[in-house]
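S.K.: Protein chains in written order, with our numbering: chain A, 1 to 162; chain B, 1 to 162. Glycine included, each C-beta is placed from N, C-alpha and C at the ideal position.
2 protein chains.
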Amino acid sequence: MDAENKHAADKVGAATASLRPQQDECRWDGVEVLQYKQEGSAPFRDVTRQVLFDDPDLAAQVRYFEMQPDGYSTLERHQHVHAVMILRGRGRCLVGDRVLDVREHDLVNIPAFAWHQFRANADTPLGFLCVVNAARDKPQLPDESALAELRRDSTVAAFIRT
Amino acid sequence: MDAENKHAADKVGAATASLRPQQDECRWDGVEVLQYKQEGSAPFRDVTRQVLFDDPDLAAQVRYFEMQPDGYSTLERHQHVHAVMILRGRGRCLVGDRVLDVREHDLVNIPAFAWHQFRANADTPLGFLCVVNAARDKPQLPDESALAELRRDSTVAAFIRT
Numbered sequence: 001m002d003a004e005n006k007h008a009a010d011k012v013g014a015a016t017a018s019l020r021p022q023q024d025e026c027r028w029d030g031v032e033v034l035q036y037k038q039e040g041s042a043p044f045r046d047v048t049r050q051v052l053f054d055d056p057d058l059a060a061q062v063r064y065f066e067m068q069p070d071g072y073s074t075l076e077r078h079q080h081v082h083a084v085m086i087l088r089g090r091g092r093c094l095v096g097d098r099v100l101d102v103r104e105h106d107l108v109n110i111p112a113f114a115w116h117q118f119r120a121n122a123d124t125p126l127g128f129l130c131v132v133n134a135a136r137d138k139p140q141l142p143d144e145s146a147l148a149e150l151r152r153d154s155t156v157a158a159f160i161r162t
Numbered sequence: 001m002d003a004e005n006k007h008a009a010d011k012v013g014a015a016t017a018s019l020r021p022q023q024d025e026c027r028w029d030g031v032e033v034l035q036y037k038q039e040g041s042a043p044f045r046d047v048t049r050q051v052l053f054d055d056p057d058l059a060a061q062v063r064y065f066e067m068q069p070d071g072y073s074t075l076e077r078h079q080h081v082h083a084v085m086i087l088r089g090r091g092r093c094l095v096g097d098r099v100l101d102v103r104e105h106d107l108v109n110i111p112a113f114a115w116h117q118f119r120a121n122a123d124t125p126l127g128f129l130c131v132v133n134a135a136r137d138k139p140q141l142p143d144e145s146a147l148a149e150l151r152r153d154s155t156v157a158a159f160i161r162t
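1. Given a limit of 8 Å on CB to CB distance, which residues of the region 93 to 111 of chain B reach chain A?
2. Give a yes or no on whether 8 Å exceeds the smallest Cβ distance from A/R20 to chain B.
3. Taking 8 Å as the threshold (C-beta atoms), are A/P125 and A/G89 in contact?
4. On the three-state DSSP scale, how would you describe B/L129?
5. Determine, using beta carbons only, whether B/P69 and B/A122 come nearer to each other than 8 Å.
6. Of all the CB atoms in chain A, is at least one closer than 8 Å to the CB of B/D153?
7. Give every residue of the same chain whose Cβ lies closer than 6 Å to the Cβ of A/E149, excluding the five residues on either side of it in the sequence, and list them in chain order.
8. Should B/L178 and B/R63 be called a contact, given that it needs their Cβ atoms to be closer than 8 Å?
9. Taking the continuous beta strand (DSSP E) assigned at B/S18, which residues delimit it?
10. Using the DSSP secondary-structure output, state which residues sit across from A/Q213 in a beta bridge.
11. For B/D143, go through chain A and note every residue whose CB falls closer than 7 Å to its CB, in chain order.
12. Threshold first: 3 residues or longer. Then list the beta strand (DSSP E) segments lying entirely within the region 54 to 138 of chain B, N to C.
13. In angstroms with no decimal places, state the Cα-to-Cα distance between B/H82 and B/N109.
14. Checking the sheet assignment: what are the DSSP bridge partners for B/Q140?
15. Compute the Euclidean distance between the alpha carbons of B/F65 and A/D29, then round it to the nearest angstrom.
16. Can you tell me the Cβ-Cβ gap for A/G26 and A/L100, rounded? I've got them flagged as a contact below 8 Å.
17. Let me make sure I understand the geometry here. Which of B/P43, B/A158, B/V131 has the alpha-carbon closest to that of A/D54?
18. Looking at A/F159 and A/R92, is the spacing between their C-beta atoms short of 8 Å?
19. Are B/A120 and B/A59 touching if we call contact CB-CB under 8 Å?
20. Give every residue of the same chain whose Cβ lies closer than 6 Å to the Cβ of B/E104, excluding the five residues on either side of it in the sequence, and list them in chain order.
21. Quick one: is B/L52 near chain A, going by C-beta distance under 8 Å?
22. Check whether the Cβ of A/N133 lies closer than 8 Å to any Cβ atom in chain B.
23. What does A/D57 touch in chain B if you count any residue whose Cβ is under 9 Å from its own?
24. Could you tell me whether the Cβ atoms of A/V102 and B/L19 are closer together than 8 Å?
25. Kindly indicate which residue of B/L34, B/V84, B/G40, B/A114 has the alpha-carbon position closest to the one of B/L107.
26. To the nearest angstrom, how far is the alpha carbon of B/W115 from that of B/M67?
27. Does any C-beta atom of chain A lie closer than 8 Å to the C-beta of B/C130?
28. Return no unless some Cβ of chain A is closer than 8 Å to the Cβ of B/V62.
29. What residues in its chain sit with their C-beta under 6 Å from that of A/P111, if we drop five residues either side in the sequence?
30. Can you round the beta-carbon distance between A/Q117 and A/Y72 to whole angstroms, since I take them to be within the 8 Å contact cut?
31. Between the Cα of B/E39 and the Cα atoms of B/E32, B/T48, B/P142, which residue gives the shortest distance?
32. Rounded to the nearest angstrom, how far is the Cβ of A/H78 from that of A/Q35, given a contact under 8 Å?
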């Protein structure tokens, strides 16, 4: 790096440093608590979304999702993968054809095109970090044929909400 | 998606789903606890590194770093950015020309070319998630001129370890 670039780099580094402290539990200074999705766009219940990092210099986004007790995310799949860490509470999630019990700090990998859905237990919220590629495809919802296939497994059939 | 791709996608999704439960505090099933860096390559003390997600389909890596009490990471900078969430303990970090107090769940953005260093408080470890682009440049260490510039601020001068 030449001297001019070095100077510019120093200024950039100093100008945009930021700390966003946690305020209440899993609520952050300067981070808006958003609707999970547009109402009526897909089935879900009692879910919020917070975008923790969305930096044009980062090839990924870091989001935090939280379900109230018994709340659930949309049953969906897509080409992009999810890297998930549970931050709060307990619940279960469908990944592919497996229903997994999850709790604080557990790691969940959701591979490309795996059907997935998260649900909080009845007595606790469930909150998790979810890292995704900044450039990604849109989720697909299951059609009747996909639902019938998923429901061939009785555990999966009992778990999913549609 | 045509039927053949749909079938292939279903198989992929089912085959590589994975849950890695937390075992002890911030230690995970199937995640190796690694040296932070090669000994002697750069100054640091009492730091470990764990790679939580390193998926070829993800444009980012998710790592977990942990410093023992008074341990510190290398003072360095680079073009790639860091998206950091503190997971455990308390400490301080230099970002650019600021020394920040950090604790559990705080978010820290480290922009391109900002000098940065983390240090655990004397009475607690400090552990944090750090999301980076999978494709990234190598860290730069400060030369004497950069150190002199950093040390013009007395708080920074007292904080950094080299």
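M.R.: Taking the definition as stated:
1. V95, G96, D97, R98, L100, V102, R103, E104, H105, D106, L107, V108, N109, I110, P111
2. yes
3. yes
4. strand
5. yes
6. no
7. none
8. This structure cannot settle anything about residue 178 of chain B, because the visible part of chain B is limited to 1 through 162.
9. 18 to 20
10. Only positions 1 to 162 of chain A appear in this structure, which leaves residue 213 of chain A out of reach.
11. Simply none; closest approach about 10 Å.
12. 60 to 72, 82 to 95, 98 to 103, 107 to 110, 116 to 120, 126 to 133
13. 6 Å
14. B/R77
15. 24 Å
16. One point to set straight first is that residue 26 of chain A is Cys, not Gly, in the sequence displayed. That belief does not hold up - the Cβ atoms of A/C26 and A/L100 are roughly 21 Å apart, past 8 Å.
17. B/V131
18. yes
19. no
20. I86
21. yes
22. yes
23. Q79, H80, V81, P111, A112, N133
24. yes
25. B/V84
26. 18 Å
27. no
28. yes
29. V81
30. 6 Å
31. B/T48
32. A/H78 to A/Q35, Cβ: 19 Å. No contact.
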